[in-house]
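Peer 1: Have a look at this one before I ask anything.
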Amino acid sequence: MRRILVPLLLVLLFSMNAQAATYKISGKATYADDTPVSLHYVEVKCQQGATDCYQHQGVTAITDATGFFTILLQTSDDDDDVEILLTLRGENFSHTIDLATHQNSSDERVYQDLQLKQNPPPSGVMAGLSCALLVFVLTFISVLGRTRRRLSTTQGRLEFMGHKQAKQLQCSICKEVVLQHQLVMHLIVDHDMEAIDAGELTGKIMRRTWSEEE
1 MRRILVPLLL VLLFSMNAQA ATYKISGKAT YADDTPVSLH YVEVKCQQGA TDCYQHQGVT
61 AITDATGFFT ILLQTSDDDD DVEILLTLRG ENFSHTIDLA THQNSSDERV YQDLQLKQNP
121 PPSGVMAGLS CALLVFVLTF ISVLGRTRRR LSTTQGRLEF MGHKQAKQLQ CSICKEVVLQ
181 HQLVMHLIVD HDMEAIDAGE LTGKIMRRTW SEEE
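Now the structure itself:
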């Protein structure tokens, strides 16, 4: 019994291997403007109710940088004339398995190019440049608006020309407001202070204004 069973299993195994074959579909995927569809998946799908196609459903291949792809299907004689769908970026392309054409081809594959109806999406570089340009324009408009408001006043025009208004400080003795660079002279002349004392008091008043600004 064993002598009969082993050869029978071998015959069955070889017959199954002889029937099964790799079916290759190669082609180039392009957009409507003929630019290649780079690095996107081509997926095998089936028409609704097409049970003879289900064994191939879900097989995928990715396009290369130039849009070329190759899908590998494990087929048998029963798969001849079976219709499958090649799906790319939401668009479907019908393909009928033709075992005779595949077997008779010089490179053992069939060819089908896929041209989408859609145009290529904007590239990431162009989108980034567009965003940068938009930010630049908005910033320019904002700066232009602030500059225009400043130039509408006399003080703003003087500052724009480089004539910045001198800072004013209040004398801690008489409470008179004087220009910062004149405070030391004010303390020496009007309050008879020594130059060193006047400098120290001026420094204290200036430090007080710094702390208030912070």
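Under my numbering, residues 1 to 214 are what the sequence shown spells out, in order. C-beta: ideal position from N, C-alpha, C; glycine also.
(1) Suppose contacts are defined by Cβ-Cβ distances below 7 Å. Is residue 99 in contact with residue 93 by that definition?
(2) Is residue 104 helix, strand or coil when you go by DSSP?
(3) Between which two residues does the alpha helix (DSSP H) carrying residue 95 extend?
(4) Touching or not, the segment 31–43 and the segment 129–138, by the rule of three or more beta carbon pairs under 8 Å?
(5) For residue 23, does the count of other Cβ atoms within 10 angstroms reach 16, so buried, or fall short, so exposed?
(6) From residue 82 to residue 36, what distance separates their C-alpha atoms?
(7) Which value, in whole angstroms, describes the spacing of the CA atoms of residue 180 and residue 148?
(8) Would you check if the distance between the CB atom of residue 91 and the CB atom of residue 72 is smaller than 7 Å?
(9) Just confirm the distance between the C-beta atoms of residue 113 and residue 28, as a whole number of angstroms; I'd bet it's less than 8 Å.
(10) Pick out whichever of 142, 102, 20 has its Cα sitting closest to the Cα of residue 75.
(11) From the DSSP secondary-structure annotation, give me the bridge partner or partners of residue 62.
(12) Should the segment 63–72 be regarded as contacting the segment 48–55, the criterion being three or more beta carbon pairs within less than 8 Å?
(13) Could you check what DSSP says for residue 6 in three-state terms: helix, strand or coil?
(14) By the 10 Å Cβ neighbour count, where 16 or more other Cβ atoms means buried, how is residue 25 classified, buried or exposed?
(15) So, at 8 Å on beta carbons, what are the nonlocal neighbours of residue 80 in its own chain, with the 5 sequence-adjacent residues on each side left out?
(16) Sorted by chain position, which residues of the same chain lie with C-beta nearer than 8 Å to residue 187's C-beta, five sequence neighbours on each side aside?
(17) Who are the Cβ neighbours of residue 30 in its own chain at under 8 Å, not counting the five residues just before and after it?
(18) Would you check if the distance between the CB atom of residue 32 and the CB atom of residue 104 is smaller than 7 Å?
Peer 2: According to the data block:
(1) Taking the sequence shown and counting its residues from 1, one reaches residue 99 at position 99. Taking the sequence shown and counting its residues from 1, one reaches residue 93 at position 93. Against a cut-off of 7 Å, the Cβ pair of residue 93 and residue 99 comes out as no contact.
(2) Taking the first residue of the sequence shown as position 1, residue 104 is located at position 104. DSSP places residue 104 in helix when its eight states are reduced to three.
(3) On the sequence shown, position 95 is the one that residue 95 refers to. No alpha helix (DSSP H) holds residue 95; the beta strand (DSSP E) holding it covers 91–96.
(4) no
(5) Translated into the one-based positions of the sequence shown, residue 23 becomes position 23. Flag for residue 23 reads buried.
(6) As a first step, residue 82 must be located in the sequence shown, where it is residue number 82. As a first step, residue 36 must be located in the sequence shown, where it is residue number 36. So the two alpha carbons sit approximately 28 Å from each other.
(7) To locate residue 180, count along the sequence shown from 1; it is residue 180. To locate residue 148, count along the sequence shown from 1; it is residue 148. Computed Cα separation, rounded: 29 Å.
(8) Taking the first residue of the sequence shown as 1, we reach residue 91 at position 91. Taking the first residue of the sequence shown as 1, we reach residue 72 at position 72. Contact: no.
(9) For the purposes of this step, residue 113 is taken as the residue at position 113 of the sequence shown. For the purposes of this step, residue 28 is taken as the residue at position 28 of the sequence shown. About 5 Å; that satisfies the 8 Å criterion.
(10) Locating residue 75 in the sequence shown gives position 75, counting from the first residue. Measuring from the Cα of residue 75, the nearest candidate turns out to be 20.
(11) Numbered from its first residue, the sequence shown carries residue 62 at position 62. Note: residue 62 sits in a beta bridge opposite 41.
(12) no
(13) Here the question's residue 6 lines up with position 6 in the sequence shown. Residue confidence is low: residue 6 scores 48 on pLDDT, short of 50, so the model does not pin down where it sits. Its coordinate-derived value is still stated next. Helix, per DSSP.
(14) To locate residue 25, count along the sequence shown from 1; it is residue 25. Around the CB of residue 25, 16 or more other CB atoms lie within 10 Å, so the residue is classed as buried.
(15) Residue mapping note: residue 80 aligns to position 80 of the sequence shown, counting from 1. Within the same chain, residue 80 has close Cβ partners 97, 98, 99, 100.
(16) Within the sequence shown, numbered from 1, the residue matching residue 187 stands at position 187. Excluding residues within five positions, the ones whose Cβ falls inside 8 Å are 171, 173, 193, 197, 198, 201, 202.
(17) Start at 1 with the first residue of the sequence shown, and residue 30 comes out as number 30. Answer for residue 30: 36, 37, 67, 113, 114, 115, 116, listed in chain order.
(18) Against the sequence shown, residue 32 aligns to sequence position 32. Against the sequence shown, residue 104 aligns to sequence position 104. Cβ distance not < 7 Å, so residue 32 and residue 104 don't count as in contact.
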